[in-house]
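**Q** Residue numbers (the UniProt record's numbering), protein chains in the order written: chain A, 1 to 77; chain B, 1 to 245.
C-beta atoms are modelled at their ideal positions from N, C-alpha and C, and glycine is treated no differently.
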Amino acid sequence: MSDIEDRVRKKVVEHLGVEEDKVTENASFIDDLGADSLDTVELVMAFEEEFGIEIPDDAAESIQTFGDAVTFIKANS
Amino acid sequence: MFDLTGKCALVTGASGGIGAEIARVLHSQGAVVGLSGTREDPLTALAADLGDRAHVLPCNLSDADAVNALPKQAVEAMGSVDILINNAGITRDNLFMRMSEDEWADVINVNLTSAFRLSKGVLRGMMKARWGRIVNISSIVGATGNPGQGNYAASKAGMVGMGKSLAYEVASRNITVNTVAPGFIATPMTDKLTDDQKSKIDDQIPAGRMGTPGEIAAACAYLASEEAAYVTGATIHVNGGMAML
Numbered sequence: 001m002s003d004i005e006d007r008v009r010k011k012v013v014e015h016l017g018v019e020e021d022k023v024t025e026n027a028s029f030i031d032d033l034g035a036d037s038l039d040t041v042e043l044v045m046a047f048e049e050e051f052g053i054e055i056p057d058d059a060a061e062s063i064q065t066f067g068d069a070v071t072f073i074k075a076n077s
Numbered sequence: 001m002f003d004l005t006g007k008c009a010l011v012t013g014a015s016g017g018i019g020a021e022i023a024r025v026l027h028s029q030g031a032v033v034g035l036s037g038t039r040e041d042p043l044t045a046l047a048a049d050l051g052d053r054a055h056v057l058p059c060n061l062s063d064a065d066a067v068n069a070l071p072k073q074a075v076e077a078m079g080s081v082d083i084l085i086n087n088a089g090i091t092r093d094n095l096f097m098r099m100s101e102d103e104w105a106d107v108i109n110v111n112l113t114s115a116f117r118l119s120k121g122v123l124r125g126m127m128k129a130r131w132g133r134i135v136n137i138s139s140i141v142g143a144t145g146n147p148g149q150g151n152y153a154a155s156k157a158g159m160v161g162m163g164k165s166l167a168y169e170v171a172s173r174n175i176t177v178n179t180v181a182p183g184f185i186a187t188p189m190t191d192k193l194t195d196d197q198k199s200k201i202d203d204q205i206p207a208g209r210m211g212t213p214g215e216i217a218a219a220c221a222y223l224a225s226e227e228a229a230y231v232t233g234a235t236i237h238v239n240g241g242m243a244m245l
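1. B:Arg133 bridges to which residues according to DSSP?
2. Is it buried or exposed for B:Gln149, if we count other Cβ within 10 angstroms and need 16 for buried?
3. What span of residues does the alpha helix (DSSP H) with B:Pro213 cover, start to end?
4. When you compare each of B:Met162, B:Gly211, B:Val75, B:Ser36 to B:Val56 by their alpha carbons, which one comes out closest?
5. Note down, in chain order, every chain B residue with its Cβ under 7 Å from the Cβ of A:Glu42.
6. So if DSSP puts B:Ser36 in a beta bridge, which residue, or which two residues, is it bridged to?
7. Please confirm if A:Leu38 has its CB atom under 9 Å from at least one CB of chain B.
8. Let me check one thing: in DSSP terms, what residues is B:His237 bridge-paired to?
9. Let me know the secondary structure DSSP gives A:Thr65 once reduced to three states.
10. Tell me which residues share the same chain as B:Val67 and place their Cβ nearer than 7 Å to its Cβ, disregarding the 5 neighbours each side in the sequence.
11. B:Ala9 by DSSP, collapsed to three states: which one?
12. Hey, is B:Ser172's beta-carbon within less than 9 Å of any beta-carbon in chain A?
13. Out of B:Met1, B:Val177, B:Ala20, which one is the CA nearest neighbour of B:Val11?
14. Enumerate in chain order the residues of its own chain whose CB-to-CB distance from B:Tyr222 is below 7 Å, with the five nearest sequence positions on each side excluded.
15. CB B:Ala154 to CB B:Val107, shorter than 9 Å?
16. Can you pull out the residues from the region 129–142 of chain B whose beta carbon lies closer than 8 Å to at least one beta carbon of chain A?
17. Applying the 10 Å Cβ sphere with the 16-neighbour rule, what's the burial state of A:Ile53?
18. On the CB-based measure, 16 or more other CB atoms within 10 Å of its CB, does B:Met97 come out buried or exposed?
19. Start and end of the alpha helix (DSSP H) containing B:Met162?
20. Can you pull the DSSP bridge partners for A:Ser28?
21. Indicate whether at least one CB of chain A lies closer than 9 Å to the CB of B:Arg92.
22. So, using beta-carbon positions, are B:Ile22 and B:Ala186 closer together than 9 Å?
23. Would you mind reading off the limits of the alpha helix (DSSP H) that contains A:Met45?
24. Just verifying my parser: in three-state terms, what is the DSSP assignment at B:Thr190?
25. Quick one: Cα of B:Arg53 to Cα of A:Thr65, how far?
26. Which term fits B:Asp191, buried or exposed, when burial requires 16 or more other beta carbons within 10 angstroms of its beta carbon?
27. Answer with yes or no whether the minimum CB distance from B:Arg124 to chain A is below 9 Å.
28. Measure the C-alpha to C-alpha separation of B:Tyr230 and B:Gly6 and round it to an integer number of angstroms.
29. Could you tell me which of B:Met78, B:Gln197, B:Asn86, B:Asn239 sits nearest to B:Asn178, measuring between CA atoms?
30. Below 9 Å between beta carbons is the criterion; list the residues of the region 157–188 of chain B that meet it against any residue of chain A, in chain order.
31. Do B:Asn111 and B:Gly89 have their C-beta atoms within less than 9 Å of each other?
32. Given a threshold of 16 other Cβ atoms within 10 Å of its Cβ, counted over all protein chains shown, does A:Ala75 qualify as buried or as exposed?
33. Would you mind stating whether B:Thr232 and B:Thr176 have Cβ atoms separated by less than 9 Å?
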């Protein structure tokens, strides 16, 4: 497991209060992890801070699953 | 009145009569204030008068880039923005049939769009802090309409609808969004009216007089306070009974 994956998972667990093993590649923040739309905005903010990157609004909208987040951050950090 | 110690408030239009008084009252309740406005001189004078806990943050609200940069500048100066007072406004009155596209767009841009941009800009910090207060200064004419002010009334009614929508979205984060709608308020602008004009205005107001900037500022101090935590999406009309809404 990569370091980025670990850090993203930690942020998701912290923000959504879910069990670590629920945060799988295809887990959707909203459908599987109980996030509402505002939670997803906050998650993106948390990723931006954790990785020191900027995630533009259109990219943020495409980040729906844990895997999406990891892929985006790997490509942009 | 209400203790705002430790809170940082950004007030737009702080060079005007009502905005300056809002800043003054929030400051007197212990808040750090960021004074924004187009004209720097009155802001500097107000800051000097207030002493500590006052920062001058000039900004031309018709310039999108400047508006988008303002929340960041405010955070750099004050440490955070816990309270945003969208007070700045302009008028470009004209009869509807004579109103130009520019007159329409300028008023919507400064009064409504800048409130949208600033609210968006301060939300990140408020969401993280799980605390925030946004107060939009609307106007009685946003609810009643006024001949010659189609653009202004639209912008002021727009603030109400925008504020309510945002209030829904962020209520769970302890961020409230409310509106204060002043009626006729005595300012340097209304001082220029003749006594005859003034008495005609007073005749329409059940209270029999114009309001004071302090009476608007007091409503803002309440909405910015901890005590108002359960008030969101509301409009407080401060108009001496001129329109009972």
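**A** Working from what's here:
1. Position 133 of the second sequence, counted from the start, is the residue given in the question as residue 133 of chain B. Note: B:Arg133 sits in a beta bridge opposite B:Ile83, B:Thr176.
2. Stepping through the second sequence from its first residue, residue 149 of chain B is reached at position 149. When all chains shown are included, B:Gln149 counts as buried.
3. One-based indexing of the second sequence puts residue 213 of chain B at position 213. From DSSP, the alpha helix (DSSP H) with B:Pro213 extends over 213–224.
4. The residue given as residue 56 of chain B occupies position 56 in the second sequence. The shortest C-alpha separation from B:Val56 is found at B:Ser36.
5. Position 42 of the first sequence, counted from the start, is the residue given in the question as residue 42 of chain A. Within chain B, the residues near A:Glu42 are Met127.
6. For this step, residue 36 of chain B is matched to residue 36 along the second sequence. According to DSSP, which records beta bridges pairwise, B:Ser36 is partnered with B:Leu57.
7. If you number the first sequence from 1, residue 38 of chain A lands on position 38. Yes, contact with chain B.
8. As a position in the second sequence, residue 237 of chain B is number 237, starting the count at 1. Answer is B:Ala181, bridged to B:His237.
9. Reading the first sequence from its first residue, position 65 is the one you call residue 65 of chain A. Here A:Thr65 sits in strand by DSSP.
10. Here residue 67 of chain B refers to the residue found at position 67 when the second sequence is read from its first residue. Counting only Cβ-Cβ distances below 7 Å, and skipping sequence neighbours, we find Cys59, Leu61, Ser114, Arg117, Leu118.
11. Position 9 of the second sequence, counted from the start, is the residue given in the question as residue 9 of chain B. B:Ala9: strand per DSSP, three-state reduction.
12. As a first step, residue 172 of chain B is located in the second sequence; it is residue number 172 there, counting from the start. Yes, because at least one Cβ of chain A sits closer than 9 Å to the Cβ of B:Ser172.
13. Working through the second sequence from its first residue, we reach residue 11 of chain B at position 11. Here the closest residue by C-alpha is B:Ala20.
14. Indexing the second sequence from 1 puts residue 222 of chain B at position 222. The beta carbon of B:Tyr222 sits closer than 7 Å to those of Phe2, Ala228, all from its chain and outside the five residues before and after it, given in chain order.
15. For the purposes of this step, residue 154 of chain B is identified with residue 154 of the second sequence, where counting begins at 1. For the purposes of this step, residue 107 of chain B is identified with residue 107 of the second sequence, where counting begins at 1. A contact, by the Cβ cut-off of 9 Å.
16. none
17. Position 53 of the first sequence, counting from 1, holds the residue named residue 53 of chain A. With fewer than 16 other Cβ atoms within 10 Å, it is exposed.
18. Looking up residue 97 of chain B in the second sequence gives position 97. Classification of B:Met97: exposed, given that the 10 Å Cβ count is below 16.
19. For this step, residue 162 of chain B is matched to residue 162 along the second sequence. Looking at the DSSP string, the run of the alpha helix (DSSP H) that includes B:Met162 is 150–170.
20. To locate residue 28 of chain A, count along the first sequence from 1; it is residue 28. A:Thr65, per the DSSP bridge assignment.
21. Residue 92 of chain B sits at position 92 when you count from the first residue of the second sequence. Not one chain A Cβ lies under 9 Å of B:Arg92.
22. Numbered from its first residue, the second sequence carries residue 22 of chain B at position 22. Numbered from its first residue, the second sequence carries residue 186 of chain B at position 186. In this structure, B:Ala186 does not lie closer than 9 Å to B:Ile22 by Cβ.
23. For the purposes of this step, residue 45 of chain A is taken as residue 45 along the first sequence, with counting starting at 1. Run containing A:Met45: 37–51, per the alpha helix (DSSP H) assignment.
24. Sequence index remark: in the second sequence, residue 190 of chain B carries index 190 (1-based). Assignment of B:Thr190 by DSSP, reduced to helix, strand and coil, places it in the helix class.
25. Here residue 53 of chain B corresponds to residue number 53 of the second sequence, with the count starting at 1. Here residue 65 of chain A corresponds to residue number 65 of the first sequence, with the count starting at 1. If I take the Cα positions, the gap works out to 44 Å.
26. Indexing the second sequence from 1 puts residue 191 of chain B at position 191. Exposed: under 16 other Cβ atoms inside 10 Å.
27. Counted from its first residue, the second sequence places residue 124 of chain B at position 124. True, the Cβ-Cβ gap to chain A drops below 9 Å.
28. Within the second sequence, numbered from 1, the residue matching residue 230 of chain B stands at position 230. Within the second sequence, numbered from 1, the residue matching residue 6 of chain B stands at position 6. Distance between the alpha carbons of B:Tyr230 and B:Gly6 is about 20 Å.
29. The residue labelled residue 178 of chain B in the question sits at position 178 within the second sequence. With distances taken between Cα atoms, B:Asn178 lies closest to B:Asn86.
30. Glu169, Val170, Ser172, Arg173
31. Walking along the second sequence from the start, residue 111 of chain B turns up at place 111. Walking along the second sequence from the start, residue 89 of chain B turns up at place 89. Against a cut-off of 9 Å, the Cβ pair of B:Gly89 and B:Asn111 comes out as a contact.
32. On the first sequence, position 75 is the one that residue 75 of chain A refers to. Burial call: exposed.
33. Numbered from its first residue, the second sequence carries residue 232 of chain B at position 232. Numbered from its first residue, the second sequence carries residue 176 of chain B at position 176. Contact: yes.
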